[in-house]
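Working notes, beginning with the structure itself.
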Amino acid sequence: MCLGIPGRIVQVIDAAEQLAMVEVAGIRRPVNISFICDDLRPPEACVGDWVLVHVGFAMSRIDADEAARTLAVLQEMEDMQSELEAMRASAEP
Amino acid sequence: MKYVDEFRDPAKAKALAADITRLVARIPRARRRPLQIMEVCGGHTHAIFRYGIQQMLPEEVEFVHGPGCPVCVLPMGRVDDCVALAERPDVIFTTFGDAMRVPGSRKSLLKAKADGADVRMVYSPLDALALALKNPDREVVFFGLGFETTMPSSAMTLIQARAQGVRNFSLFCNHTTIIPTIKAMLDSPELQLDGFLGPGHVSMVIGTRPYAFIAGHYRRPITIAGFEPLDVLQSTWMVLKQLAEGRCEVENQYGRIVPENGNARALAAIAEVFELREFFEWRGLGSIDHSGVRIRPAYAAYDAEKKFHMPNVRIADPKSCQCGEVLKGVIKPHECKVFGSACTPETPLGSLMVSTEGACAAYYNYGRVEGLARV
Ligand code: SF4
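In order, the protein sequence lines correspond to chains A and B.
Following the numbering used here, the numbering of the first sequence begins with 355 at its first residue and continues without gaps.
Following the numbering used here, the numbering of the second sequence begins with 5 at its first residue and continues without gaps.
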């Protein structure tokens with residue numbers, strides 16, 4: 355819950371709602387990207403970006419190396435497994 | 005995995021640990037008593053145990069495991085409120101999975117669910133809001149907890165609920181705020197902290213400036229730290245270097261994630277929806293002034309505390325629990341009388357045993373660590 359999980363924005367679902375599809379460790383789910391968008395970075399410009407996702411919200415833009423490192427740490431934590439489980443459960447329609 | 009290895013390199017870790025020993029020799033205070041460094045965040049607590057970082061350090065340096073795991077500091081009375089809400093037939097009670105097993109005075113949410121209450125684990129407050137849209141004849145309550153890392157998400161969810169005119173959704177707000185909490189630790193006569201490892205992800209939202217009072221008013225060093233083993237080790241080294249050089253500053257080891265000014269949009273969402281409470285009750289620590297937030301009147305229609313009657317009873321922790329003393333670093337987890345006997349991760353008595361980020365659970369799980377120290 356407290357640790358962000360790295361994911362990659364693969365597609366904008368709804369630009370007005372600032373909702374994007376993010377792929378997190380192989381799981382796709384809608385994520386709110388309003389906290390990392392601004393006038394210089396509208397939602398469309400965010401596709402391909404790596405972000406740190408906390409409880410369904412992208413909270414920070416990160417680089418690919420940081421994403422790999424963070425994933426490696428999380429992989430070793432039990433919490434990550436239950437987070438991913440929760441994410442997977444909620445990703446299903 | 006080059007970049008991962010870089011943060012695990014045992015040679016680097018050994019070099020840092022040796023450097024730490026040299027630094028400590030330059031700090032006169034360390035000869036009288038161990039230097040106490042508090043890691044505020046449960047993620048750091050977890051890393052310290054997982055990788056055996058304490059064992060890599062000289063005896064003169066001790067980590068004190070702070071109150072930064074929001075699940076661990078939930079008082080029993082609050083859990084009882086959750087259970088009471090969840091047991092209402094009209095309510096779908098939604099929560100992060102982490103909070104399910106925290107013991108209340110009667111039962112945990114997990115037990116309430118087993119007993120027939122409609123408790124659902126969600127990954128995001130947005131999922132709870134979606135559930136409300138799908139179940140217009142039920143009241144969906146989301147149990148919001150966490151520091152500034154999760155606070156913006158709850159705020160944005162309420163902003164959306166209001167914009168969409170949803171009427172059957174509310175937040176049971178138990179969000180806590182980090183700065184008054186650290187201040188309470190600094191003011192506590194039981195604690196003699198020499199420095200801090202600052203929380204990484206909270207700081208990504210609030211930035212580094214709000215910590216200035218720690219260095220200024222309280223004259224203690226703080227380093228905002230990442231979660232890799234070498235991040236934690238390097239941040240500890242940075243704190244000790246400040247102590248050795250007689251400096252007190254806010255330093256940022258986690259600059260790759262934490263900007264000086266934090267996240268402006270997330271802070272704006274928090275300010276729009278939440279205001280400080282006069283005080284908030286913590287498990288084991290008692291009441292801490294201004295350490296929690298509540299929902300502003302403009303969003304009262306989404307405030308579960310306004311919408312429903314809450315028992316709101318203060319329940320003392322069981323006598324045998326020593327969570328408060330562990331939280332304040334007065335005793336180590338294994339020194340608690342019930343550690344490993346009446347209180348285990350399977351049957352937690354205190355909430356520090358519930359979350360893997362709680363000091364007791366981390367101690368229990370990694371008591372016999374094969375960490376970085378012995379690679
Ligand atoms: S062992 Fe259990 S009761 Fe004792 S301090 Fe830890 S969590 Fe609390």
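Using N, Cα and C, we set each Cβ at its ideal position, and we do this for glycine too.
Spatial neighbours of residue i within its chain, please: CB distance less than 7 Å, with the 5 preceding and 5 following residues excluded, ordered by chain position.
{"i": "residue 34/B", "result": "28 and 64"}
{"i": "residue 441/A", "result": "378, 381 and 383"}
{"i": "residue 222/B", "result": "190"}
{"i": "residue 16/B", "result": "234"}
{"i": "residue 229/B", "result": "48, 201, 202, 204, 235, 236, 239, 257 and 258"}
{"i": "residue 318/B", "result": "81 and 285"}
{"i": "residue 279/B", "result": "297, 298 and 300"}
{"i": "residue 102/B", "result": "75 and 359"}
{"i": "residue 352/B", "result": "105, 107 and 358"}
{"i": "residue 253/B", "result": "219, 225 and 246"}
Near residue i, what residues of its chain come up, given a Cβ to Cβ distance below 8 Å and the 5 sequence neighbours on each side ignored?
{"i": "residue 85/B", "result": "176, 314, 315 and 316"}
{"i": "residue 368/B", "result": "337, 343, 344, 348, 349 and 357"}
{"i": "residue 13/B", "result": "234"}
{"i": "residue 139/B", "result": "96 and 172"}
{"i": "residue 396/A", "result": "369"}
{"i": "residue 341/B", "result": "324 and 326"}
{"i": "residue 188/B", "result": "289, 292, 293 and 295"}
Mind reading off the beta-carbon distance from residue i to residue j? Whole number of angstroms is fine, and I expect it under 8 Å.
{"i": "residue 106/B", "j": "residue 83/B", "result": "5 Å"}
{"i": "residue 380/B", "j": "residue 259/B", "result": "Coverage of chain B is limited to positions 5 through 379, which leaves residue 380/B absent and any answer about it impossible."}
{"i": "residue 292/B", "j": "residue 283/B", "result": "6 Å"}
{"i": "residue 262/B", "j": "residue 207/B", "result": "5 Å"}
{"i": "residue 57/B", "j": "residue 237/B", "result": "6 Å"}
{"i": "residue 32/B", "j": "residue 66/B", "result": "The pair is not a contact, with the Cβ atoms about 17 Å apart (cut-off 8 Å)."}
{"i": "residue 402/A", "j": "residue 363/A", "result": "7 Å"}
{"i": "residue 411/A", "j": "residue 157/B", "result": "5 Å"}
{"i": "residue 155/B", "j": "residue 125/B", "result": "In fact, because the Cβ distance is near 20 Å, the residues do not count as touching under 8 Å."}
{"i": "residue 30/B", "j": "residue 248/B", "result": "4 Å"}
Below 6 Å CB to CB, which residues in the same chain sit around residue i once its five sequence neighbours on both sides are set aside?
{"i": "residue 414/A", "result": "406"}
{"i": "residue 370/A", "result": "none"}
{"i": "residue 72/B", "result": "44, 45, 46 and 203"}
{"i": "residue 42/B", "result": "68, 70, 197 and 200"}
{"i": "residue 121/B", "result": "90 and 91"}
{"i": "residue 364/B", "result": "337, 356 and 357"}
{"i": "residue 114/B", "result": "104 and 105"}
{"i": "residue 129/B", "result": "146, 157, 158 and 161"}
{"i": "residue 79/B", "result": "285 and 287"}
* Closer than 7 Å, Cβ to Cβ, to anything on chain A: give me those residues from the segment 265-282 of chain B, in chain order. => 267, 269 and 270
* Members of the segment 409-427 of chain A that neighbour chain B once the beta carbon cut-off is set at 8 Å -> 409, 410, 411, 413, 414, 416, 417, 419, 420, 422, 423, 424, 426 and 427
* What residues in the segment 376-403 of chain A have a beta carbon less than 9 Å from any beta carbon of chain B? -> 383, 384, 385, 386, 388, 389, 390, 391 and 392
* Would you call the segment 189-207 of chain B and the segment 215-222 of chain B touching, i.e. three or more CB-CB distances under 8 Å? -> yes
* Under 6 Å from any heavy atom of ligand 1, by CB: list those residues in chain order, please. => 325/B, 326/B, 327/B, 330/B, 337/B, 340/B, 342/B, 343/B, 347/B, 353/B, 354/B, 356/B, 357/B and 364/B
* Can at least three beta-carbon pairs, one atom from the segment 96-113 of chain B and one from the segment 139-159 of chain B, be found at a separation below 8 Å? -> At 8 Å Cβ cutoff, the stretches touch.
* Asked: For the segment 65-94 of chain B, which residues have a beta carbon sitting closer than 9 Å to at least one beta carbon of chain A?
  -> The residues in question are 72, 73, 74 and 75.
* For the segment 128-155 of chain B, which residues have a beta carbon sitting closer than 7 Å to at least one beta carbon of chain A? -> 128, 129, 130, 131, 150, 153 and 154
* Asked: Is there contact between the segment 122-137 of chain B and the segment 146-164 of chain B, where contact requires at least three CB pairs shorter than 8 Å?
  -> yes
* Asked: Which of the residues in the segment 206-233 of chain B, read from start to end, lie with their CB under 9 Å from any CB of chain A?
  -> 206, 208, 209, 230, 231, 232 and 233
* Asked: Quick one, which residues of the segment 159-172 of chain B are near chain A if we go by CB-CB under 7 Å, in chain order?
  -> 160
* **Within 7 Å of chain A by C-beta, residues of the segment 250-262 of chain B in sequence order** => 260 and 261
* Asked: For the segment 192-203 of chain B, which residues have a beta carbon sitting closer than 7 Å to at least one beta carbon of chain A?
  -> If the cut-off is 7 Å between Cβ atoms, the segment 192-203 of chain B has nothing near chain A.
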